[in-house]
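Student:
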Amino acid sequence: MASETLAQLIQTRRVLITVGAGGVGKTTTAAALGVAAAARGRNVLVLTIDPAKRLADSLGIERMSSEAVDVDPERFRAAGIAMPGRLTAMMLDTKRTFDDLVVKYSSSPAKAQQLLNNKLYKYVSTSLAGTQEYMAMEKLVAVKADGRYDLIMLDTPPTANALDFLDAPDRLVEAIDSAAMRWFVEAFQSTGKVSFNLIARSAATVLRTLGTITGGGFLEDMAEFISELNDLFGGFKQRARAVQAALRSPEVAFVLVTSPSPMSIQEVLFFSERLAEHGMPRGAFVVNRFRMPPPRAGEQISVEDAAEAVRAHGLQLDDDVAERLTQAHADAQKLALLDAFHVRSLQERVGRDVPVIRVPELASDVHDIALLYRLSERLVAGGV
Ligand SMILES: Nc1ncnc2c1ncn2[C@@H]1O[C@H](COP(=O)(O)OP(=O)(O)O)[C@@H](O)[C@H]1O
Ligand SMILES: [Mg+2]
Numbered sequence: 006m007a008s009e010t011l012a013q014l015i016q017t018r019r020v021l022i023t024v025g026a027g028g029v030g031k032t033t034t035a036a037a038l039g040v041a042a043a044a045r046g047r048n049v050l051v052l053t054i055d056p057a058k059r060l061a062d063s064l065g066i067e068r069m070s071s072e073a074v075d076v077d078p079e080r081f082r083a084a085g086i087a088m089p090g091r092l093t094a095m096m097l098d099t100k101r102t103f104d105d106l107v108v109k110y111s112s113s114p115a116k117a118q119q120l121l122n123n124k125l126y127k128y129v130s131t132s133l134a135g136t137q138e139y140m141a142m143e144k145l146v147a148v149k150a151d152g153r154y155d156l157i158m159l160d161t162p163p164t165a166n167a168l169d170f171l172d173a174p175d176r177l178v179e180a181i182d183s184a185a186m187r188w189f190v191e192a193f194q195s196t197g198k199v200s201f202n203l204i205a206r207s208a209a210t211v212l213r214t215l216g217t218i219t220g221g222g223f224l225e226d227m228a229e230f231i232s233e234l235n236d237l238f239g240g241f242k243q244r245a246r247a248v249q250a251a252l253r254s255p256e257v258a259f260v261l262v263t264s265p266s267p268m269s270i271q272e273v274l275f276f277s278e279r280l281a282e283h284g285m286p287r288g289a290f291v292v293n294r295f296r297m298p299p300p301r302a303g304e305q306i307s308v309e310d311a312a313e314a315v316r317a318h319g320l321q322l323d324d325d326v327a328e329r330l331t332q333a334h335a336d337a338q339k340l341a342l343l344d345a346f347h348v349r350s351l352q353e354r355v356g357r358d359v360p361v362i363r364v365p366e367l368a369s370d371v372h373d374i375a376l377l378y379r380l381s382e383r384l385v386a387g388g389v
């Protein structure tokens, strides 16, 4: 299968999902690809999780709000960027997404309200293993049906382990549907209240499952909660299947983001294999913050040369500045060679099926529209 470029992917896909280890640039890449697609006339929703404050500010999105916000076209015009499409940004709100699901799948509004009011609900809806990842998927399925968007860029949570994301639907269902939980529900349902001698035997397991919460009426609260959640199991399970199936669609592609470090590359390759196993389409690898060779790479800059270069910029020289510059130049070359070496090994492993795109490390973090646009054009041009 001939691989498609990122320029093609942003034109042809309905959903692109950025995945990778924490801090490698998933959110930035999702936003940048959104900008690139909107600059090519598409109506794009960037569904983001944790944008760096400066990125959120530069797009004019309120980090605490989960409303969809159209990025003001004036922001692009002011930066000299033509924007024939539309860019909308939305923050993922895990709890609110969970609330919407509960309302949708409860047998009655009263039952939904009862569950939402349960003291444990807030804790579970935000802290249960995989909830955030699962809700990102949920939200995706919900907005995918929205005809206002041609392309949805889905950012993924800052999980330490990128694989959490793939397993989230199963883990969530397993956690809710674990033997301990089911047993708990039975103990509750047979008597209408918690049978404490039964609980004594397995309380430890249950507490380990949910974490330790103290406070009056805890066990009753929990039993009631689980019993209500149990009513929704059918719904949740079906949804988990639907969500996973949606990720296998040819409308979707994953963009695997990594840094040039061997550890990060190792992780992204492992993740890539898992995606392939699940039949989930890999669109591209992005090696972000790639360190480019400095000017005059391959040369050894003498201290005299460095001193002259500094003077040419009209700067005053302290004694050791030229020496330090020479050293920095040599270091920069080594780092660039190292990054190039690691990326080549990634390319060899990936083969021709999926493009590997190198994005340079910028001199500053990505804090304004102009920089984001620069990064986005680099990405679609196939990197450096
Ligand atoms: N190519 C780059 N050059 C310089 N800074 C970058 C680059 N890509 C990302 N950053 C910065 O790195 C930080 C982390 O990026 P982010 O996209 O939030 O990572 P993640 O979502 O994977 O945790 C942000 O401050 C961002 O501006
Ligand atoms: Mg992020």
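Note that the working numbering gives residue 317 to position 312 of the sequence shown, counting from 1, and the numbers run on in steps of one. Even for Gly, the Cβ is constructed at its ideal location relative to N, Cα and C.
Assign residue 325 to buried or exposed, taking buried as 16 or more other Cβ atoms, counted over all protein chains shown, within 10 Å of its Cβ.
Tutor: Working through the sequence shown from its first residue, we reach residue 325 at position 320. Looking at its Cβ environment, which holds fewer than 16 other Cβ atoms inside 10 Å, residue 325 is exposed.
Student: At a cut-off of 7 Å, is residue 365 close to ligand 1 when judged by its beta-carbon and the heavy atoms of the ligand?
Tutor: Along the sequence shown, read from residue 1 onward, the residue named residue 365 stands at position 360. For ligand 1, at least one heavy atom lies less than 7 Å from the Cβ of residue 365.
Student: Would you say the beta carbon of residue 32 is closer than 7 Å to some non-hydrogen atom of ligand 1?
Tutor: Within the sequence shown, numbered from 1, the residue matching residue 32 stands at position 27. Flag set: Cβ of residue 32 near ligand 1.
Student: Hey, how far is the Cα of residue 136 from the Cα of residue 311?
Tutor: Taking the sequence shown and counting its residues from 1, the one referred to as residue 136 is at position 131. Taking the sequence shown and counting its residues from 1, the one referred to as residue 311 is at position 306. Straight-line Cα distance between these residues: approximately 54 Å.
Student: Write down every uninterrupted run of the beta strand (DSSP E) in the segment 237 to 304 whose length is 3 residues or greater and which is fully enclosed by it, in chain order.
Tutor: Qualifying beta strand (DSSP E) stretches, in chain order: 257 to 263, 287 to 295.
Student: Taking the beta strand (DSSP E) that residue 40 belongs to, which residues open and close that run?
Tutor: Working through the sequence shown from its first residue, we reach residue 40 at position 35. Residue 40 -> not in any beta strand (DSSP E); alpha helix (DSSP H) instead, spanning 31 to 43.
Student: Do residue 54 and ligand 2 come close, with the Cβ less than 7 Å from some heavy atom?
Tutor: Within the sequence shown, numbered from 1, the residue matching residue 54 stands at position 49. It does: the Cβ of residue 54 is within 7 Å (strictly closer) of some heavy atom of ligand 2.
Student: Buried or exposed for residue 276, please, with buried defined as at least 16 other CB atoms from any protein chain shown within 10 angstroms of its CB.
Tutor: Residue numbering aside, residue 276 sits at position 271 when the sequence shown is read from its first letter. Classification for residue 276: buried.
Student: Can you tell me whether residue 44 is buried or exposed, with buried defined as 16 or more other CB within 10 angstroms of its CB?
Tutor: As a working mapping, residue 44 is identified with position 39 in the sequence shown. Looking at its Cβ environment, which holds 16 or more other Cβ atoms inside 10 Å, residue 44 is buried.
Student: Are residue 111 and residue 120 closer than 8 Å when you measure CB to CB?
Tutor: By 1-based counting over the sequence shown, the position of residue 111 is 106. By 1-based counting over the sequence shown, the position of residue 120 is 115. For residue 111 and residue 120, yes; Cβs fall inside 8 Å.
Student: Taking only three categories from DSSP, how would you classify residue 360?
Tutor: On the sequence shown, position 355 is the one that residue 360 refers to. In the structure shown, residue 360 sits in coil (DSSP, three-state: anything other than H, G, I, E or B).
Student: Let me know the secondary structure DSSP gives residue 123 once reduced to three states.
Tutor: One-based indexing of the sequence shown puts residue 123 at position 118. Coil.
Student: How should residue 288 be labelled, buried or exposed, when 16 other C-beta atoms within 10 angstroms of its C-beta is the threshold for buried?
Tutor: Here residue 288 refers to the residue found at position 283 of the sequence shown. Buried, since its Cβ has 16 or more Cβ neighbours within 10 Å.
Student: On the CB-based measure, 16 or more other CB atoms within 10 Å of its CB, does residue 245 come out buried or exposed?
Tutor: Counted from its first residue, the sequence shown places residue 245 at position 240. Answer is buried; the Cβ neighbour count reaches 16.
Student: Got a sec? Which residues, its chain only, sit under 7 Å from residue 286 by beta carbon, not counting five neighbours each side?
Tutor: To locate residue 286, count along the sequence shown from 1; it is residue 281. So the list reads 255, 257, 258, 259, once near-sequence residues are dropped.
Student: Runs of 3 residues minimum, wholly inside the segment 84 to 145: which ones carry the beta strand (DSSP E) assignment?
Tutor: Within the segment 84 to 145, the complete beta strand (DSSP E) runs of at least 3 residues are 91 to 96.
Student: Could you name the residues of the same chain whose beta carbon sits closer than 8 Å to that of residue 71, not counting the 5 residues immediately before and after it, in chain order?
Tutor: For this step, residue 71 is matched to residue 66 along the sequence shown. Same-chain partners within the cutoff: 95, 96, 97, 98, 101.
Student: What is the rounded straight-line gap between the Cα of residue 143 and the Cα of residue 241?
Tutor: One-based indexing of the sequence shown puts residue 143 at position 138. One-based indexing of the sequence shown puts residue 241 at position 236. Rounded to the nearest angstrom, the two C-alpha atoms are 10 Å apart.
Student: Based on Cα-Cα distance, which residue from 262, 322, 369, 336 lies nearest to residue 29?
Tutor: For the purposes of this step, residue 29 is taken as the residue at position 24 of the sequence shown. Cα-wise, what sits closest to residue 29 is 262.
Student: Between the alpha carbons of residue 107 and residue 340, how many angstroms are there, rounded?
Tutor: Along the sequence shown, read from residue 1 onward, the residue named residue 107 stands at position 102. Along the sequence shown, read from residue 1 onward, the residue named residue 340 stands at position 335. Cα to Cα, residue 107 sits roughly 51 Å from residue 340.
Student: Output yes or no for whether 8 Å exceeds the beta carbon distance between residue 33 and residue 60.
Tutor: Position 28 of the sequence shown, counted from the start, is the residue given in the question as residue 33. Position 55 of the sequence shown, counted from the start, is the residue given in the question as residue 60. A contact, by the Cβ cut-off of 8 Å.
Student: Alpha carbons only, please: which of 360, 54, 354 is nearest the one belonging to residue 138?
Tutor: Here residue 138 refers to the residue found at position 133 of the sequence shown. Nearest C-alpha to residue 138: 54.
Student: Could you tell me which of 323, 284, 126, 331 sits nearest to residue 229, measuring between CA atoms?
Tutor: Working through the sequence shown from its first residue, we reach residue 229 at position 224. Closest by alpha carbon: 126.
Student: Under the criterion of a Cβ to heavy atom distance below 7 Å, does residue 160 qualify as lining ligand 2?
Tutor: Here residue 160 corresponds to residue number 155 of the sequence shown, with the count starting at 1. Checking the Cβ of residue 160 against ligand 2 gives yes.
Student: Hey, would you say the C-beta of residue 122 is under 7 Å away from at least one heavy atom of ligand 1?
Tutor: Taking the sequence shown and counting its residues from 1, the one referred to as residue 122 is at position 117. Because no heavy atom of ligand 1 lies under 7 Å away, the Cβ of residue 122 does not count as near it: no.
Student: Looking at C-alpha atoms only, which residue of 386, 371, 316, 130 is the closest neighbour of residue 56?
Tutor: Working through the sequence shown from its first residue, we reach residue 56 at position 51. The shortest C-alpha separation from residue 56 is found at 371.
Student: Report the three-state DSSP secondary structure of residue 389 (helix, strand or coil).
Tutor: Numbered from 1 along the sequence shown, position 384 holds the residue referred to as residue 389. Reduced to three states, the DSSP call for residue 389 is coil.
Student: Contact check, residue 148 vs residue 50 under 8 Å by CB: the rounded distance?
Tutor: Here the question's residue 148 lines up with position 143 in the sequence shown. Here the question's residue 50 lines up with position 45 in the sequence shown. With 8 Å as the limit, residue 148 and residue 50 qualify as a contact, their Cβ atoms being about 6 Å apart.
Student: Using DSSP's beta-bridge definition, name the partner residues of residue 22.
Tutor: On the sequence shown, residue 22 is found 17 positions in, with the first residue counted as 1. The partner list for residue 22 (beta bridge, DSSP) reads 159, 259.
Student: Within its chain, find whatever has a CB closer than 6 Å to the CB of residue 42; leave out the 5 residues flanking it on each side and keep chain order.
Tutor: Residue 42 sits at position 37 when you count from the first residue of the sequence shown. Here the set comprises 15, 49, 156.
Student: With DSSP run on the structure shown, which of helix, strand or coil describes residue 17?
Tutor: As a working mapping, residue 17 is identified with position 12 in the sequence shown. Residue 17 falls in the helix class under three-state DSSP.
Student: Alpha carbons only, please: which of 322, 380, 175 is nearest the one belonging to residue 250?
Tutor: The residue you call residue 250 lines up with position 245 of the sequence shown. Closest by alpha carbon: 175.
Student: Out of 17, 330, 27, which one is the CA nearest neighbour of residue 293?
Tutor: Taking the first residue of the sequence shown as 1, we reach residue 293 at position 288. It is 27.
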